[in-house]
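First the structure, in the form of structure tokens, and then the observations on it.
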Amino acid sequence: MKLITWNVQWCRGLDGRVDPQRIVEHAQRLADFDVLGLQEVAANFDDLPGSGKPIPGLGRRQDPNWWLKDYLKREKLEPPLPELAALRKEIERLPETLATERSE
Numbered sequence: 001m002k003l004i005t006w007n008v009q010w011c012r013g014l015d016g017r018v019d020p021q022r023i024v025e026h027a028q029r030l031a032d033f034d035v036l037g038l039q040e041v042a043a044n045f046d047d048l049p050g051s052g053k054p055i056p057g058l059g060r061r062q063d064p065n066w067w068l069k070d071y072l073k074r075e076k077l078e079p080p081l082p083e084l085a086a087l088r089k090e091i092e093r094l095p096e097t098l099a100t101e102r103s104e
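For reference, each letter of the sequence shown is one residue, going 1 to 104 in the working numbering.
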């Protein structure tokens, strides 16, 4: 299988016409391929959030649960504990919990 990539900007030609089919036909005249990958190249978007900043986590070893850890951190949630650890934590908090409870 032959694959080529082609940089485009909104599929607009130098004459200003937007015509994806024309791009494909031009690419076919230049190369014999099975798959043509159109890569969108855009400029003048420097004001977008995150522009010019490194991608968070890039270069770190990938953790299969990265998305879950990121979600818990972003939502300020505590990760779920194993049952025994959760019971120990509840026992540690018991005096505080009882102090805030009203007596009947």
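Here a beta-carbon is modelled for each residue, glycine too, at the ideal position from N, C-alpha and C.
The structure displayed is predicted, hence computed values, not measured ones.
Beta carbon of residue i nearer than 7 Å to that of residue j
{"i": "Leu68", "j": "Val35", "result": "no"}
{"i": "Val18", "j": "Leu38", "result": "no"}
{"i": "Leu72", "j": "Pro79", "result": "yes"}
Distance between beta carbons of residue j and residue i, contact taken as under 8 Å
{"i": "Ile23", "j": "Trp10", "result": "Not a contact, Cβ separation roughly 11 Å."}
Bridge partner(s) assigned by DSSP for residue i
{"i": "Leu36", "result": "Ile4"}
Residues near residue i by beta carbon distance below 8 Å, same chain, minus five either side
{"i": "Arg12", "result": "Val18"}
Close Cβ partners of residue i (< 7 Å) along its chain, the five nearest in sequence each way excluded
{"i": "Asp32", "result": "Lys2"}
Own chain residues within Cβ distance below 6 Å of residue i, not counting five before or after
{"i": "Val41", "result": "Asn7, Gln9"}
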